Each structure stands twice: as C-alpha cells, then as structure tokens.
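So the protein lines, in turn, are chains A and B.
Just so you know, the first sequence maps onto residues 1 to 217 in our numbering.
Just so you know, the second sequence maps onto residues 218 to 434 in our numbering.
Have a look at the structure below before the remarks.
Protein chains: 2
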Amino acid sequence: MTLEHDTVRETLIDATIALMDEGGLQAVKARALAQAVGVSVGTIYNLFGNVDGLVLAANQRIYADLNTVGQANIGPIEERLAQRIAQGLVGDTARDRVRERLLGLSEVYVDFVAANASRWSAVLTFDRNRSTAETPEGYVEQLDAMIGIIGRVLEAAPRCADIGVRHQTARALWSSVHGIVTLTYFSGDVATSRDRTWALIVILVSAVADGLFVEPA
Amino acid sequence: MTLEHDTVRETLIDATIALMDEGGLQAVKARALAQAVGVSVGTIYNLFGNVDGLVLAANQRIYADLNTVGQANIGPIEERLAQRIAQGLVGDTARDRVRERLLGLSEVYVDFVAANASRWSAVLTFDRNRSTAETPEGYVEQLDAMIGIIGRVLEAAPRCADIGVRHQTARALWSSVHGIVTLTYFSGDVATSRDRTWALIVILVSAVADGLFVEPA
DNA sequence: CGCTTTTTTGAACGGCGTTCAAGTGCAAAA
DNA sequence: TTTTGCACTTGAACGCCGTTCAAAAAAGCG
C-alpha cells in the first residue's frame, strides 16, 4: 500500500537520524538500518535507490528542521531587538538593527547546531561526497529559503540595494557562518565548542554588518 | 635503511596526492597505493599506521604547499597594493590598505584552490572524519602560520588592537573564506566556480575589512 | 479460486581496510 | 666463510561494507 509505503520511508529516515545521533555518519549502515526498522536491506534500495539516497533524505529533513526553527524565531528576534533598543543596550540606527538581526539569526543557527551536533556533523560530513544519488526535490529550496531570510534583513543595508549583490551577500554570510561552525564547533574541546564558535561569529557578523553601511572605496 | 625508509614514505605521499588528483579521496585505496609505489599493503601500515595516517600526511604536505605559496606572495601583494594606490585605483587610508591586503591574500588562496582543486577537495572532505589516526606533528602549526599572516595584516585595524581579538578575527576570516570556498567552489558548474567564489569573497572580505574600521556600537 | 503483477527478501558477490604468520635480507657473531 | 639473530617486508586471509537479483511472498484482478 501507498500508505504503508510512505510510513516505511519515514521510519527509515527516523532510523537514519537516530543512527547519526548515536555514532555519526559512519554508523549509518544498510544492515543496521534494516534491522532497526524491521525490513530487509533490499527495501532500502527499492525506496531510496541506495544508502546515500536515504542519507540525503535524512539530510533534507534536518535542513527542514533548521529552516522551521529559523522561521519560527524571526518574531522573537524582532522582540528581543526592540527590547535591547528600549533598554539602551544597542542603538536605533538601521546599522544597529541589521547587525542585531543578523546576530539573532546566527544565534538561532548556533543553538540549533549545539542542540543537534551529531546529526548536523553528519550532514556536513556527507554533503561533500554527493556521490551517485541525485538531490531530492525541495533540497535546494530549503537552502534558498534560509538565504532568503538573511537577504530580507540585508535590504536595509546601503551596499545591498542591488538585489543581485544582496543575494550574494546573504549567501556569503551564510557560507561564512557555516565555515566558522565547521572549523570551530567540530574541533577541540566539546565543552567550549559553543562559546568559541559564538565568539568568532559575533566578531565576523558584526564586522560585516557594520561594513555594509560603509560606503565602498 | 633509514634513507630508503624515508624515500618510500615520500613516494607513498606522492602517490596519495596523485590518486587524489585523479579520482579524489575515494580513489585513495591501500591496494592502489601499494601497486603504484611497488610495495605491499603491509608497508603502508608499517609506515603510517593505516591509510588515514597516510592521507593525513598527504594533507599536511598540501597545507604546507598552500603555506609556501602564501608566504611567497606577501611581497607581490605589497607591490600590487602600492601600484594600485599609485594608479588611484584604491585610496591610501589604513582601511584601504587592510582591505586590499586581505583581498590579495584571499586571491592567493582562491588561485591555489583553483590550481589544486581535486586535491584540495580531498583535504576538505577528509578533515571532517579525523577517524582514528592522530594528527601528525606540524599539522596545527601550518594552520597557525596562515592565520598569523592574516593577523599581521589586521594589526592596522582599530577593532583588532587587542591581540586576542585580532587572533580571533583572523581565524574567523580564514574560516569564512574557507566556508565560501567549500560551499561555492565545489558545487555547481566547474567552469564558473572560480568567478562565483571570488565574487562572494570580495563582498565578504571587503565588508569585514571596512567594518573593522567602524567603531563598535 | 487461479493467474498475473508488484513488492520484498536475504544469500551471495566484489571490494574495501586491516591483520599477522611466514618469508626475506642483512649485519653481527662465531 | 658460515651461522645466527632480528628488523622489516610480504600478501593471503578475515571481517565488514554497499549492492545485486533470483526466488519467494504479497497484492491485485476477473
């Protein structure tokens, strides 16, 4: 049945993420998945083509989770910004608002990574392989949605008046925060990962935000 | 003998990089390496512990190459900066000089990646696994050296007066450019990789450099 | 109910990293 | 020169991996 069919799909994705949480991407193996869900290894190949296809589907859901968290936090970010301005913690210029919003988004991202460290590490580790499996539909859209959120914040920055530049800036910012998380969060002492990562992100995002209000040379 | 011993070590590292160039990290396999060099698989384990250890040694040499290229280009970057100032292409403020130097370093990095795409991709793909093999000596030092170069450029920036902040800023910048390269260079059309990557780096590095001369909120 | 089609199954296959008993080369001892 | 000792090399063998596909089971159908 189609219903049962989709149920098994979802259950396999669940099992994949569970294995990622336990032992990282290395722990995601065909036989372990089959045994965990109660199907044979062949079923994985019927539903996802191969193991990479299943990992890709799991990655897509993890991306969707991040996107959901991001979307859900736009409101709170605005509220916190208003509070900080009211309390005089930050200024009330366009520059200050852009910087604080970008920091708010970054904090949401870092919190997500901290709360989903193992599975996020698996996503980052895998994405570099691509392998044979083709990217499932909606995969790119998730990323574009997140970059779109950043782009909307950047509308207030003089250097981002052009929509092309704005989109590039949003993508560059996303890539940068991603790079810091990749090199800083997932290295060194786990206990200090979040703090070390956040410190670098604050420095970078603040500098970028402020720089976007400086007129170019 | 020890001499022969070291020769085999170097030859194996050569073969590893050659395989990376041909087929990426996936092509680096114990049997293929052994056959290419003319030793048995066991020798790899005697000399490097396991295949990961050999890959790590190869990565270290690739890092050293990048470092060498970086060091060798500091002079030319200064010359080009002086020329651009003389020709009126950029200003002569501390802000302009920091920005142009950072862009110069970034360009060296992007050129290196473009010229060594396959093996650099292998380095980035592998570093996320770490696996069992311990990092060879001098590995961390190579990275610190490159961050040190960036840090020296940042000495002219007001926000980086504090040495701790300066070091963090240098690391954040390195991570950011790394992130842009990872997400942009190694995705999409190969023919446009360099241009797309460079466009994002210019936007980001320029904004950061300019932002570092804005007094904080 | 029999017949056809679809889906599931899991033993088998090739390839991988890794191991380790057996072999090899070579310098020191006799 | 011959023998001994030993550090190093070897490659067949082992276990595990992703993947396949003939056979079995299940589902659809008149």
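Note that CB positions come from ideal geometry on N, CA and C, so glycine has one too.
Everything numeric in this text was worked out from a predicted model, so none of it was measured.
Cβ separation of residue i and residue j, assumed to be a contact under 8 Å, to the nearest whole Å
| i | j | result |
| --- | --- | --- |
| Gly428 of chain B | Ala72 of chain A | Between Ala72 of chain A and Gly428 of chain B the Cβ distance is about 29 Å, and since that is not below 8 Å, they are no contact. |
| Thr399 of chain B | Arg413 of chain B | Actually they do not touch by this definition, with Cβ atoms about 13 Å apart. |
Cα-Cα separation between residue i and residue j, rounded to whole angstroms
| i | j | result |
| --- | --- | --- |
| Gly355 of chain B | Gly49 of chain A | 43 Å |
| Gly308 of chain B | Arg314 of chain B | 8 Å |
| Gly38 of chain A | Ala64 of chain A | 26 Å |
| Ala378 of chain B | Glu432 of chain B | 12 Å |
| Val245 of chain B | Ala251 of chain B | 10 Å |
| Leu390 of chain B | His384 of chain B | 10 Å |
| Ile261 of chain B | Asp52 of chain A | 29 Å |
| Trp198 of chain A | Val190 of chain A | 13 Å |
| Leu54 of chain A | Glu10 of chain A | 10 Å |
| Arg84 of chain A | Ala209 of chain A | 17 Å |
| Ala133 of chain A | His222 of chain B | 42 Å |
| Val8 of chain A | Ser40 of chain A | 12 Å |
| Leu89 of chain A | Glu79 of chain A | 14 Å |
| Ala235 of chain B | Val419 of chain B | 32 Å |
| Val382 of chain B | Val357 of chain B | 20 Å |
| Met237 of chain B | Arg312 of chain B | 40 Å |
| Asp344 of chain B | Arg411 of chain B | 22 Å |
| Gly188 of chain A | Ala145 of chain A | 31 Å |
| Ala303 of chain B | Phe213 of chain A | 27 Å |
| Ala114 of chain A | Thr192 of chain A | 11 Å |
| Glu22 of chain A | Asn46 of chain A | 25 Å |
| Ile279 of chain B | Pro76 of chain A | 45 Å |
Beta-carbon proximity list for residue i, same chain, < 7 Å, skipping 5 on both sides
| i | result |
| --- | --- |
| Ala170 of chain A | Ile147, Ile150, Gly151 and Leu154 |
| Ala274 of chain B | Ile230, Phe265 and Pro353 |
| Ser393 of chain B | Leu421 |
| Phe329 of chain B | Leu283 and Val286 |
| Leu417 of chain B | Ile397 and Thr401 |
| Ala15 of chain A | Leu33, Ala36 and Val37 |
| Tyr326 of chain B | Val394 |
| Thr93 of chain A | none |
Own chain, CB closer than 8 Å to residue i, minus 5 neighbours either side, in chain order
| i | result |
| --- | --- |
| Gly241 of chain B | Ser335, Ser338, Ala339 and Thr342 |
| Gln26 of chain A | none |
| Ile74 of chain A | Ile149 |
| Gly42 of chain A | none |
Status (buried if at least 16 other CB within 10 Å, exposed otherwise) for residue i
| i | result |
| --- | --- |
| Gln277 of chain B | buried |
| Asn333 of chain B | buried |
| Arg31 of chain A | exposed |
| Gly321 of chain B | buried |
| Gly102 of chain A | Note on residue identity: the sequence assigns Leu, not Gly, to residue 102 of chain A. Leu102 of chain A comes out buried. |
| Ile380 of chain B | exposed |
| Leu142 of chain A | Position check: residue 142 of chain A holds Gln in this sequence, whereas Leu was assumed. So Gln142 of chain A ends up on the buried side. |
| Ser494 of chain B | Residue coverage of chain B in this structure runs from 218 to 434, which leaves residue 494 of chain B outside it and unanswerable. |
Heavy atom of the ligand GDP within 6 Å of residue i beta-carbon
| i | result |
| --- | --- |
| Asn263 of chain B | The ligand GDP is not part of the structure shown, which contains no ligands of any sort. |
Neighbourhood of residue i by C-beta distance below 6 Å, restricted to the same chain and skipping five residues each side
| i | result |
| --- | --- |
| Leu81 of chain A | Glu100 |
| Phe186 of chain A | Ser121 |
Counting Cβ pairs, one atom from each stretch, are 3 or more of them under 8 Å apart for the segment 148–163 of chain A and the segment 370–383 of chain B?
no
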